[in-house]
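Visitor:
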Amino acid sequence: METVLSITNLTKKFGRLTAVNNINLEVKRGQVFGMLGPNGSGKTTTLGMLMSVVNPTAGAFSWFGELPSNQVRKKIGAVLEHPIFYPYLSGQKNLELNAMIKECPPENIPNVLELVELTERKDDKYKTYSLGMKQRLAIASALLNDPTVLILDEPTNGLDPMGIAEIRELIKKIAANGKTIILASHLLDEVQKVCSHFAILKRGNLIHTGPVADASKGTETIEVHADVEGLNELLLNFGGTSSIARENGYYQVSLRDSFNSKDLNRFLFEHGVVADHLVTKRKSLEKMFLEILAEANH
Amino acid sequence: MLHLLKIDLKKLTSYRTFWIVCGLYFLTLGFGAASGMELLKLLANTFEKFGQELNINRIPLYHFPDVWMNLVWFSGLIKIVLAIMVVISITNEYTYRTLRQNIIDGMSRSQFLLSKILTNVLLSLMSVAMIFVVGLVTGMIYSPEIRISQMLTDLEFFPAYFLEIFFFLSYALMLGILIQRSGLTIILLLLSQMVETIITANIDNYVPWLIPYFPMKSIWNLIEFPLPRYAFQEIKDYITFGTVVTVIAWTLVFNYISYFKLKRADI
Ligand SMILES: Nc1ncnc2c1ncn2[C@@H]1O[C@H](COP(=O)(O)OP(=O)(O)O)[C@@H](O)[C@H]1O
Ligand SMILES: [Mg+2]
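Residue numbers (my numbering), protein chains in the order written: chain A, 1 to 298; chain B, 1 to 267.
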């Protein structure tokens with residue numbers, strides 16, 4: 001797959017503080033790439049370097065195999081940290097200005113305004129917008145040039161639940177069109193819901209990277225109950241069992257890689273046991289995230 | 001280039017403060033420049049009250065070619081208003097963080113700076129045009145006889161006036177980029193002349209030859225105060241090569257410092 005972004009040994013120091021430490025990363029075309037990390041872990045600083053507003057202390061990166069330049073940046077739509085616009089200009093005028101900067105035809109403006117549902121308020125001054133509207137205008141602006149890559153940094157920060165749901169829907173809609181998206185967030189749940197791949201940053205260090213799907217692979221737990229004697233032994237005899245725990249009257253069976261709930265169900269049935277309760281639980285990214293952070297502490 | 005200028009103008013032309021400050025500047029410039037004769041009459045009246053006579057017809061304030069130098073010198077006094085607008089324009093980009101977004105959206109840092117410098121050029125040219133028109137009209141009205149040769153004399157004061165305004169706007173832009181906050185920048189802008197005067201007064205005894213090369217001083221030397229010539233005093237009523245070079249050199253330094261700072265900063 002085509003490489004959109006390639007980062008090698010990227011480092012940023014602010015005085016004594018190392019905000020980003022020797023990061024290596026690749027993002028391929030079509031990925032929805034999540035950058036996950038607690039506040040202050042260096043996400044915004046990394047994105048700032050990728051957009052040439054923060055000068056790297058060391059290391060390099062390339063977009064589409066090209067060296068960074070303002071022409072390359074025009075192919076990327078990015079919102080870092082907060083939406084930024086001229087407060088005294090209307091939404092429409094702000095987008096017209098951005099179209100001039102990006103050197104793209106202003107004919108796109110009505111389309112992006114429609115997409116983020118701001119058409120009715122386009123002639124109001126930006127400073128009169130609600131936070132959710134500001135975030136949506138920022139996304140509209142980022143999409144103005146029909147960019148190959150979209151970068152969003154905490155796009156749901158500070159929004160109410162409805163605003164959060166709206167923005168996430170919007171991101172999924174954009175991702176469905178095949179755009180590469182890089183999403184920085186301190187919310188696991190957000191990365192889990194939206195992203196295909198993710199990386200975890202901690203105090204400027206990249207401590208994990210991989211597909212979101214892999215993050216929950218081989219970590220299935222099955223909750224089982226059946227009204228028979230010796231269920232415990234039977235479950236232990238099942239080849240896919242890695243461990244069993246008993247919680248709230250149910251057996252919690254952790255499965256080995258490449259086994260799933262169907263295998264367990266078939267096994268029980270073949271041994272004449274019909275379960276009256278069988279629930280598959282995937283270990284969430286959240287547990288992974290916490291585990292990874294805990295490991296990195298050692 | 002034109003595209004970059006258009007971008008900066010797009011930011012400014014929907015900004016109310018811009019119209020207020022620029023309106024104030026160009027109105028003061030126009031009316032101020034045109035009202036010299038009325039001021040002289042007022043002066044003559046005051047003199048009369050004290051029993052003295054001031055024959056204002058002996059002062060050819062608006063006669064060709066005197067009108068050019070007179071207007072250009074006095075108009076230079078209010079360039080500070082335009083400079084304050086430049087400060088507001090650049091510091092806004094920092095306080096709103098729009099400089100950061102402009103770069104993210106695909107401007108290079110030098111393009112951003114160039115868009116600001118081009119606006120400075122435009123504002124300077126507009127000042128020149130304004131004073132040229134006022135000078136032309138008042139000259140036509142007050143000159144006893146109109147000779148083309150006299151009208152065309154001393155026109156070199158206009159390029160000098162352009163240099164003076166552009167020099168000062170470049171200085172304001174540099175201060176804004178270095179300080180990034182409007183209030184502090186405007187205060188420093190207003191204090192610059194005083195600070196320089198204090199410094200030059202202190203080194204006067206040691207290195208007096210250095211003083212003409214100080215930035216504010218170089219402006220005063222470029223176009224001298226014209227009125228003493230009406231009191232039978234000798235003045236430098238022409239532009240010298242040395243002063244032009246000094247002013248251009250400072251202008252280049254200011255813009256280069258802006259470039260250097262902008263290029264290196266995290267924004
Ligand atoms: N301009 C700056 N000057 C000094 N320190 C900074 C600057 N920007 C960010 N930092 C520090 O760098 C670290 C990473 O910040 P940031 O990249 O904003 O994290 P995140 O976006 O993951 O929350 C933080 O400790 C922050 O305080
Ligand atoms: Mg951040």
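Heads up, the beta-carbon is just placed ideally off N, CA and C, and yes, glycines get one too.
Alpha carbon to alpha carbon, how far is Leu71 of chain B from Ser124 of chain B?
Guide: Rounded to the nearest angstrom, the two C-alpha atoms are 15 Å apart.
Visitor: So, under 8 Å CB-CB, Val54 of chain A and Ala142 of chain A are touching, yes? Tell me the CB distance rounded to an integer number of Å.
Guide: About 18 Å separates the two Cβ atoms, so there is no contact after all.
Visitor: Taking 6 Å as the limit between beta carbons, can you name the residues of its chain near Ser243 of chain A, skipping five residues before and five after?
Guide: Answer for Ser243 of chain A: Ser254, listed in chain order.
Visitor: Would a check of beta-carbon distances place Ile84 of chain A closer than 8 Å to chain B?
Guide: Interface residue, yes.
Visitor: Under 8 Å, with one C-beta from each stretch per pair, do the stretch 173 to 192 of chain B and the stretch 78 to 96 of chain B reach the 3-pair mark?
Guide: The answer is yes - the stretch 78 to 96 of chain B touches the stretch 173 to 192 of chain B, with three or more Cβ pairs under 8 Å.
Visitor: Decide if the stretch 22 to 40 of chain A is in contact with the stretch 247 to 259 of chain B; the criterion is three or more beta carbon pairs, one per stretch, under 8 Å apart.
Guide: Because the criterion of three Cβ pairs below 8 Å is not met, the stretch 22 to 40 of chain A and the stretch 247 to 259 of chain B do not touch.
Visitor: So what's Gln299 of chain A in DSSP terms, helix, strand or just coil?
Guide: Absent from the model: residue 299 of chain A. The displayed extent of chain A is 1 to 298, so no value can be given.
Visitor: Pick helix, strand or coil for Leu61 of chain B, following the three-state DSSP scheme.
Guide: Note: Leu61 of chain B maps to coil in three-state DSSP.
Visitor: Strictly below 9 Å CB to CB, what residues from chain A border Tyr15 of chain B?
Guide: By Cβ distance, chain A contributes Tyr86, Tyr88 and Leu89.
Visitor: Step through the CB atoms of chain B and report whether any lies within less than 8 Å of the CB of Val53 of chain A.
Guide: Answer yes: the Cβ-Cβ gap between Val53 of chain A and chain B drops below 8 Å somewhere.
Visitor: Is Leu118 of chain A helix, strand or coil by DSSP?
Guide: Coil at Leu118 of chain A, not helix or strand.
Visitor: Report the CB separation of Met100 of chain A from Leu118 of chain A in whole angstroms; it is logged as a contact under 8 Å.
Guide: With 8 Å as the limit, Met100 of chain A and Leu118 of chain A do not qualify as a contact, their Cβ atoms being about 19 Å apart.
Visitor: Note down, in chain order, each residue of its chain lying with its Cβ closer than 7 Å to the Cβ of Gly240 of chain A, except the 5 sequence neighbours on either side.
Guide: If we look at Gly240 of chain A and ignore the five residues flanking it on each side, its Cβ neighbours are Leu255, Arg256, Phe259, Asp263 and Leu264.
Visitor: Check whether the stretch 185 to 204 of chain A and the stretch 22 to 32 of chain A are in contact - that is, three or more C-beta pairs closer than 8 Å.
Guide: Yes, the stretch 185 to 204 of chain A is in contact with the stretch 22 to 32 of chain A.
Visitor: Between the stretch 107 to 121 of chain B and the stretch 29 to 43 of chain B, are three or more C-beta pairs nearer than 8 Å?
Guide: Verdict: no, contact absent.
Visitor: Are there 16 or more other CB atoms within 10 angstroms of the CB of Tyr206 of chain B, so buried, or fewer, so exposed?
Guide: Under this definition Tyr206 of chain B is an exposed residue.
Visitor: Do Thr44 of chain A and ligand 2 come close, with the Cβ less than 7 Å from some heavy atom?
Guide: Yes, ligand 2 has a heavy atom inside 7 Å of this Cβ.
Visitor: At a cut-off of 7 Å, would you count Glu96 of chain A as near ligand 2, judging by its Cβ distance to the nearest heavy atom?
Guide: It does not: the Cβ of Glu96 of chain A is nowhere closer than 7 Å to a heavy atom of ligand 2.
Visitor: If I measure Cβ to Cβ from Phe47 of chain B and keep anything under 8 Å in the same chain, skipping five residues before and after, which residues do I get?
Guide: If we look at Phe47 of chain B and ignore the five residues flanking it on each side, its Cβ neighbours are Glu53 and Leu54.
Visitor: For Glu154 of chain A, does the count of other Cβ atoms within 10 angstroms reach 16, so buried, or fall short, so exposed?
Guide: Buried, because 16 or more other Cβ atoms sit within 10 Å of the Cβ of Glu154 of chain A.
Visitor: Mind checking which residues open and close the beta strand (DSSP E) that includes His3 of chain B?
Guide: Careful: His3 of chain B lies outside any beta strand (DSSP E), inside the alpha helix (DSSP H) at Leu2 to Thr13.
Visitor: Once DSSP output is grouped into helix, strand and coil, what is the label at Lys193 of chain A?
Guide: In the structure shown, Lys193 of chain A sits in a helix (DSSP, three-state: H, G or I).
Visitor: From the DSSP secondary-structure annotation, give me the bridge partner or partners of Gly77 of chain A.
Guide: Paired residues: A:Leu150.
Visitor: Let me check you understand the geometry: is the CB of Glu190 of chain A closer than 7 Å to at least one non-hydrogen atom of ligand 2?
Guide: No; taking the cut-off as 7 Å, the Cβ of Glu190 of chain A has no heavy atom of ligand 2 nearer than that.
Visitor: Gly65 of chain A and Asn9 of chain A - do their beta-carbons sit closer together than 8 Å?
Guide: No, these two residues do not count as a Cβ contact at 8 Å.
Visitor: Give the straight-line distance between the Cα atoms of Ile222 of chain A and Glu190 of chain A, rounded to the nearest whole angstrom.
Guide: Each residue's alpha carbon lies about 25 Å from the other.
Visitor: Anything in chain B within Cβ reach of Ala78 of chain A, meaning under 7 Å, just list it in chain order.
Guide: Per Cβ cutoff of 7 Å: Ile104.
Visitor: Quick one: give me the first and last residue of the alpha helix (DSSP H) that Glu220 of chain A is part of.
Guide: Looking at the DSSP string, Glu220 of chain A is not in any alpha helix (DSSP H); the run it does join, the beta strand (DSSP E), is Glu220 to His225.
Visitor: Is the shortest distance between the beta-carbon of Asn70 of chain A and the beta-carbons of chain B less than 8 Å?
Guide: For Asn70 of chain A, the answer is yes, since a Cβ of chain B falls inside 8 Å of its Cβ.
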